[in-house]
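Reading through the structure tokens given below for one structure.
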Amino acid sequence: GNFNGKTILSLDYGEHTSGTGDPSIAANPAGQPGWITQSGVETFAISDACYDPLTGKLIVLSGIGVWEVNPTYDRKKVTWTNQTAGIESLVVQQIVKAPKPNGRILVACQDRPNFSIASPTTYATTYNPASGSIQHAGDIVYADDDPTVVFGSSGSSIWRSQDSGQTWVRIATQGINGCVFSAGMGGACPKLAAPNKLRVIHQDASPNSPLQIGMPTGDPNVGSNWSWTNSRDQGGNPIIGYGYYVGYFNNMKYIDTDGSGNVYFLNYTGSDGGPKMYKSIDGGSN
Numbered sequence: 005g006n007f008n009g010k011t012i013l014s015l016d017y018g019e020h021t022s023g024t025g026d027p028s029i030a031a032n033p034a035g036q037p038g039w040i041t042q043s044g045v046e047t048f049a050i051s052d053a054c055y056d057p058l059t060g061k062l063i064v065l066s067g068i069g070v071w072e073v074n075p076t077y078d079r080k081k082v083t084w085t086n087q088t089a090g091i092e093s094l095v096v097q098q099i100v101k102a103p104k105p106n107g108r109i110l111v112a113c114q115d116r117p118n119f120s121i122a123s124p125t126t127y128a129t130t131y132n133p134a135s136g137s138i139q140h141a142g143d144i145v146y147a148d149d150d151p152t153v154v155f156g157s158s159g160s161s162i163w164r165s166q167d168s169g170q171t172w173v174r175i176a177t178q179g180i181n182g183c184v185f186s187a188g189m190g191g192a193c194p195k196l197a198a199p200n201k202l203r204v205i206h207q208d209a210s211p212n213s214p215l216q217i218g219m220p221t222g223d224p225n226v227g228s229n230w231s232w233t234n235s236r237d238q239g240g241n242p243i244i245g246y247g248y249y250v251g252y253f254n255n256m257k258y259i260d261t262d263g264s265g266n267v268y269f270l271n272y273t274g275s276d277g278g279p280k281m282y283k284s285i286d287g288g289s290n
């Protein structure tokens, strides 16, 4: 996909491509919930997409919302459906689904940060954790060991929820308890990874910022108990990340976990050169 919201279809493994068209051609398939309607502003940056091999549907994060396209094998028959009409936001930065038995879907957006969707027939009407008119979200992740614990970045803060995203506690602010990231609405939208419910790693949006780990020194539900230290390489030096452009083109996530306590970070082109791939077996400290 590209900045104008176009999605490319290939029927021969990428040898030849053609556009599947703009989501604005969408129609509401019969039998879909009534709230699935077009938002009227469909095209903007595409930040992610995935293919469902069970249903043959392509799911795209594009413009104002989450889009579903089916079928994918014939561009003349493609039907686009907006899955998030009514949630007024610019760009969907991240979407995650909790493992069973929680099963809740969480969406991180620009303008209106984090939504929690519990029912496929009732769309979200409220957002958290900050409720100002414009609140950029950078990322949202579940803790690997507990699907009810969620970490999210929004505005100039990092937040933690222990009830699947219903209520939030601010655990990081620029300059407090060792935390280092860009201040400002769009600057402090770090990408996150959470190997467990008591540890979260952030990659800042600004270039040449340190990768940091946050852990509580007391009750994790008290935000001031969270302290932040730099993640270090084999030589004991802080890992300095490349960052990314929050707005549109380079909204890439370079840090993730594997569910077994390991953390992976791709330093695309940091001050010490790149690209470099890092793996941590101690939750991101080293």
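One rule links them: number in our numbering = place in the sequence shown (from 1) + 4. Backbone N, C-alpha and C define an ideal beta-carbon position, used for all residues, glycine too. Quick caveat, the model's predicted, so the values are computed rather than measured.
Endpoints, the beta strand (DSSP E) within which residue i is located
{"i": "W172", "result": "W172 -> no beta strand (DSSP E), and no H or E assigned at all."}
{"i": "A102", "result": "Element bounds for A102: n/a, residue is neither H nor E."}
{"i": "S231", "result": "W230 to N234"}
{"i": "Q238", "result": "Per DSSP, Q238 belongs to no beta strand (DSSP E) and is neither H nor E."}
{"i": "I180", "result": "It is not in any beta strand (DSSP E) - I180 carries neither H nor E in the DSSP assignment."}
{"i": "I260", "result": "Checking the sequence shown, residue 260 turns out to be Asp, not Ile. Unbroken beta strand (DSSP E) run through D260: I259 to T261."}
Whole-Å CB distance - residue i paired with residue j, under 8 Å assumed
{"i": "A102", "j": "P151", "result": "4 Å"}
{"i": "D262", "j": "K201", "result": "In fact, because the Cβ distance is near 16 Å, the residues do not count as touching under 8 Å."}
{"i": "N266", "j": "I285", "result": "6 Å"}
{"i": "Y282", "j": "Y268", "result": "7 Å"}
Span separating the alpha-carbon of residue i from that of residue j
{"i": "Q294", "j": "Q170", "result": "One cannot answer for residue 294 here, as it falls past the ends of the chain, which runs 5 to 290."}
{"i": "L230", "j": "P220", "result": "Per the sequence presented here, residue 230 reads as Trp, with Leu not at that position. Cα-Cα distance, rounded: 4 Å."}
{"i": "K61", "j": "G222", "result": "45 Å"}
{"i": "G108", "j": "R164", "result": "Strictly speaking, residue 108 in this sequence is Arg, with Gly absent from that position. If you take the alpha carbons of R108 and R164, they lie about 16 Å apart."}
{"i": "S289", "j": "D56", "result": "35 Å"}
{"i": "G240", "j": "P224", "result": "27 Å"}
{"i": "R203", "j": "N212", "result": "22 Å"}
{"i": "G287", "j": "D167", "result": "23 Å"}
{"i": "I99", "j": "A147", "result": "14 Å"}
{"i": "G35", "j": "I63", "result": "With a pLDDT of only 42 at G35, under 50, the local geometry of the prediction cannot be trusted, and the value read off the model is given with reservation. Distance between the alpha carbons of G35 and I63: 18 Å."}
{"i": "I162", "j": "V226", "result": "13 Å"}
{"i": "S264", "j": "Q238", "result": "21 Å"}
{"i": "S228", "j": "K104", "result": "31 Å"}
{"i": "S270", "j": "G218", "result": "In the sequence as displayed, the identity of residue 270 is Leu instead of Ser. Going by the C-alpha atoms only, they are around 19 Å apart."}
{"i": "G25", "j": "G245", "result": "A caution first: G25 carries a pLDDT of 49, below 50, which makes its placement in the model unreliable, though a value can still be read off. Going by the C-alpha atoms only, they are around 36 Å apart."}
{"i": "L58", "j": "Q207", "result": "34 Å"}
Distance CB(residue i)-CB(residue j) smaller than 8 Å
{"i": "K195", "j": "K280", "result": "no"}
{"i": "G182", "j": "T233", "result": "yes"}
{"i": "G159", "j": "I144", "result": "no"}
{"i": "Q97", "j": "A141", "result": "yes"}
{"i": "C193", "j": "A176", "result": "no"}
{"i": "V184", "j": "P214", "result": "yes"}
{"i": "I205", "j": "S235", "result": "yes"}
{"i": "I259", "j": "A198", "result": "no"}
{"i": "V153", "j": "L110", "result": "no"}
For residue i, the residue or residues it bridges with in DSSP
{"i": "A198", "result": "Paired residue(s): none; A198 is not in a bridge."}
{"i": "R164", "result": "F155 and V173"}
{"i": "P270", "result": "The sequence shown places Leu at residue 270, rather than the Pro named in the question. According to DSSP, L270 bridges with M281."}
{"i": "D143", "result": "S157"}
{"i": "G218", "result": "V204 and W232"}
{"i": "S213", "result": "G245"}
{"i": "D150", "result": "A147"}
Any C-beta of chain B under 8 Å from that of residue i
{"i": "K195", "result": "Chain labels in this structure do not include chain B; a single protein chain is all it has."}
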